[in-house]
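Asker: Under the numbering used here, the letters of the sequence shown match residues 7 to 412, in that order.
Ideal Cβ positions, reconstructed from N, Cα and C, are used throughout, including at glycine.
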Amino acid sequence: MTDPSARKRRRLSRTSTTSPAAQRPEAAPRDVTGSIPFGVRLAAGWSWRLLLIGGVLAVMVFLIIQLRLIVIPILVAVLVGALLVPFSGFLQKHRWPKWLSVTAAMLSALIVVGGLLTLGISQIVRGSDELAAQSLVAWDAFREWLLEGPLHITEQQLNDVVAQVISSVQQDSGLLVSGALSLSSSLGHFLAGMLLALFATLFILIDGRGIWNWIVGIFPRRGRAAIDAAGQAGWATLGNFVRVQILVATIDAIGIGLGAFFLGLPLAVPIAILVFLGSFIPIVGAVVTGALAVFVALVYNGPVIALVMLGIVLLVQQVEGHVLQPLIMGTAVKVHPLGVVVAVATGSLLAGIPGALFAVPVAAVLNVMILSVASGSWKNDADPPPPVRSALWRTVPQRPAYTRGE
7 MTDPSARKRR RLSRTSTTSP AAQRPEAAPR DVTGSIPFGV RLAAGWSWRL
57 LLIGGVLAVM VFLIIQLRLI VIPILVAVLV GALLVPFSGF LQKHRWPKWL
107 SVTAAMLSAL IVVGGLLTLG ISQIVRGSDE LAAQSLVAWD AFREWLLEGP
157 LHITEQQLND VVAQVISSVQ QDSGLLVSGA LSLSSSLGHF LAGMLLALFA
207 TLFILIDGRG IWNWIVGIFP RRGRAAIDAA GQAGWATLGN FVRVQILVAT
257 IDAIGIGLGA FFLGLPLAVP IAILVFLGSF IPIVGAVVTG ALAVFVALVY
307 NGPVIALVML GIVLLVQQVE GHVLQPLIMG TAVKVHPLGV VVAVATGSLL
357 AGIPGALFAV PVAAVLNVMI LSVASGSWKN DADPPPPVRS ALWRTVPQRP
407 AYTRGE
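Spelled out as structure tokens, the structure:
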């Protein structure tokens, strides 16, 4: 005889196993990531990475702008060092003592730059009075042409324009006074920056390799070979850029200076010097110095000679842009002309004239360094650069059996 309680338990178990709730499969958890299309996930991944890179670059640019009084002299020292280090090495290979080769390199640079500036400034000071007198004469002639020429400008209209200009100057006199007051501080900053550039150049000549090894030693050991190879490629490119830029600037200065000399301009030497210095600022320097040469020709020799001077300036610039830059600069620095224009525009927008000056060498060096790391040629190098042994970079006392890098 069957136990009623046992029959009841069997009946309940059959009921529970055949109920729809028991037979319904358990709902799978909803996957949010899987419901997002792959394209959206890919775009999101790229977006936050690009935002992170952009934020780091923005912070770096901000720090460079805030520390421009230090960064600009250091960059000037690096450019000058890229020119003088090979010269110092050449002297040392010919059995010159290191201290004598470094001294000769520094003195040669100072003599050349100081001589050019002294010659140009003395010529400008000597001809400043005559330039002012000729400017007044040219203004009187231009004023007479405005009154009697085809424009039919009346005396009253011309006086009103002059009065507006004078009124604008008087309204902005506060800015002029503040600018004059800040001249002393700007002069102090310039002198401090010049001294910093000289000292930095001197130490680059003395212990440039030790400085670079110290910088490479900051990075992890696995990446030091790539950093060292990229730095050497960038340094070679920077040296080529400086030497070729000096050659191109010299050709520009000789061309425009000879044109001004044969046209009878009295300030031909300062014009040539300004063209030489301005050629180191791509695009902007050529335009400014060319406009100055045309202005001097207009003041001294009239509109016809000014047009001839303009033609000479344009001819020299066309030869530079279509012959010298592709044939000479293109073999030394691999930067597309569009990249040059974008780099100069970006540099001038961020940092003015210094930004335009350093835009092209910075772009060229970064381009070569990135290509060097991406090519993987550094993997064939035997070992990373050795640790720094120079006494200049020792920051802890030396003990027995202890050296930097152990």
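Determine the burial state of phenylalanine 44: buried for a count of at least 16 other Cβ atoms within 10 Å of its Cβ, exposed for fewer.
Answerer: The residue is exposed, with fewer than 16 neighbouring Cβ atoms inside 10 Å.
Asker: Going straight from the alpha carbon of proline 272 to that of leucine 355, what length do you get?
Answerer: For proline 272 and leucine 355, the distance between alpha carbons rounds to 35 Å.
Asker: Between the alpha carbons of valine 294 and valine 300, how many angstroms are there, rounded?
Answerer: Looking at the two C-alpha atoms, the distance is approximately 10 Å.
Asker: Could you check whether leucine 280 and leucine 304 sit closer than 8 Å to each other, using their CB atoms as the reference points?
Answerer: Against a cut-off of 8 Å, the Cβ pair of leucine 280 and leucine 304 comes out as no contact.
Asker: Roughly how many angstroms separate the alpha carbons of valine 254 and glycine 223, rounded to a whole number?
Answerer: Looking at the two C-alpha atoms, the distance is approximately 37 Å.
Asker: Hey, alanine 266 and isoleucine 277: beta-carbon distance below 8 Å or not?
Answerer: Result yes, Cβ atoms of alanine 266 and isoleucine 277 sit closer than 8 Å.
Asker: Going by other Cβ atoms of all chains shown within 10 Å of its Cβ, with 16 needed for buried, is glycine 284 buried or exposed?
Answerer: Buried is the call here.
Asker: Going by Cα to Cα distance, which pick from Val46, Ile260, Arg55 and Arg74 is closest to phenylalanine 2?
Answerer: Look at the range of the chain in this structure, 7 to 412, and you will see that residue 2 is not part of it.
Asker: Quick one: Cα of glycine 416 to Cα of isoleucine 233, how far?
Answerer: Residue coverage of the chain in this structure runs from 7 to 412, which leaves residue 416 outside it and unanswerable.
Asker: Between glutamine 129 and chain C, is the shortest Cβ-Cβ distance under 8 Å, so that the two count as touching?
Answerer: The question asks about chain C, but that chain is absent: this structure has only one protein chain.
Asker: First and last residue of the alpha helix (DSSP H) that includes serine 94?
Answerer: 74-99 is the span of the alpha helix (DSSP H), which, as asked, contains serine 94.
Asker: Are alanine 235 and tryptophan 384 close, meaning C-beta to C-beta below 8 Å?
Answerer: In this structure, tryptophan 384 lies closer than 8 Å to alanine 235 by Cβ.
Asker: So, proline 79 versus glycine 199, is the Cβ gap smaller than 8 Å?
Answerer: Contact: yes.
Asker: Count the other CB atoms within 10 Å of the CB of proline 226; is the residue buried (16 or more) or exposed (fewer)?
Answerer: Its Cβ having fewer than 16 others within 10 Å, proline 226 is exposed.
Asker: Cutting at 6 Å between CB atoms, please list the residues of its own chain near glutamine 323, excluding the five before and the five after it.
Answerer: Around glutamine 323: Ala292.
Asker: For leucine 316 and glutamine 98, what's the separation of their Cα atoms in angstroms?
Answerer: Their Cα atoms are separated by approximately 46 Å.
Asker: Please state the DSSP three-state secondary structure of tryptophan 102.
Answerer: In the structure shown, tryptophan 102 sits in coil (DSSP, three-state: anything other than H, G, I, E or B).
Asker: Determine the direct distance from the alpha carbon of glutamine 251 to that of serine 114, and round the result to whole angstroms.
Answerer: Roughly 18 Å separates the two Cα atoms.
Asker: What's the gap between the Cα of valine 86 and the Cα of glycine 245?
Answerer: Approximately 9 Å between the Cα atoms of the pair.
Asker: Nearest by alpha-carbon distance to alanine 370: which of Val119, Gly345 and Ala357 is it?
Answerer: Among Val119, Gly345 and Ala357, the Cα nearest to that of alanine 370 is on Gly345.
Asker: In the DSSP assignment, find the unbroken alpha helix (DSSP H) run with arginine 249 in it and report its ends.
Answerer: Its alpha helix (DSSP H) spans residues 230-268.
Asker: According to the Cβ coordinates, are leucine 269 and isoleucine 210 closer than 8 Å?
Answerer: Taking 8 Å as the Cβ cut-off, leucine 269 and isoleucine 210 do not qualify as a contacting pair.
Asker: Between the C-alpha atoms of valine 84 and proline 92, what's the straight-line distance to the nearest angstrom?
Answerer: Distance between the alpha carbons of valine 84 and proline 92: 13 Å.
Asker: So, with DSSP's three-state summary, where would you put isoleucine 114?
Answerer: It is worth fixing the name first, because residue 114 is serine in this sequence and not isoleucine. Correct three-state label for serine 114: helix.
Asker: Taking the Cβ atom as the reference point for each residue, do alanine 351 and isoleucine 71 lie within a distance shorter than 8 Å?
Answerer: No, the pair does not count as a contact, with Cβ atoms beyond the cut-off.
Asker: Per DSSP, what kind of secondary structure is isoleucine 210 in: helix, strand or coil?
Answerer: In the structure shown, isoleucine 210 sits in a helix (DSSP, three-state: H, G or I).
Asker: To which residues of the same chain is leucine 81 closer than 6 Å at the C-beta, ignoring the five residues directly before and after it?
Answerer: Phe364, listed in sequence order.
Asker: If you follow the alpha helix (DSSP H) that leucine 280 is in, where does it begin and where does it stop?
Answerer: Looking at the DSSP string, the run of the alpha helix (DSSP H) that includes leucine 280 is 274-284.
Asker: Give me the Cα-Cα distance between leucine 202 and methionine 112, rounded to the nearest whole angstrom.
Answerer: Looking at the two C-alpha atoms, the distance is approximately 14 Å.
Asker: According to DSSP, is proline 226 helix, strand or coil?
Answerer: In the structure shown, proline 226 sits in coil (DSSP, three-state: anything other than H, G, I, E or B).
Asker: May I have the straight-line CA-CA distance separating proline 367 from valine 329, to the nearest angstrom?
Answerer: Roughly 20 Å between the two C-alpha positions.
Asker: Roughly how many angstroms lie between the CA atoms of isoleucine 260 and alanine 362, to the nearest whole one?
Answerer: Those two C-alpha atoms are separated by around 23 Å.
Asker: Does DSSP put isoleucine 159 in a helix, in a strand, or in coil?
Answerer: Isoleucine 159: coil per DSSP, three-state reduction.
Asker: If I'm right that valine 319 touches isoleucine 257 with Cβ under 8 Å, what's the distance once you round it to whole angstroms?
Answerer: That pair is no contact at about 14 Å.
Asker: State the CB to CB distance for the pair tryptophan 220 and glycine 237, rounded to an integer number of angstroms; the pair is presumed to be in contact (CB under 8 Å).
Answerer: Contact flag wrong, Cβ pair sits at about 12 Å.
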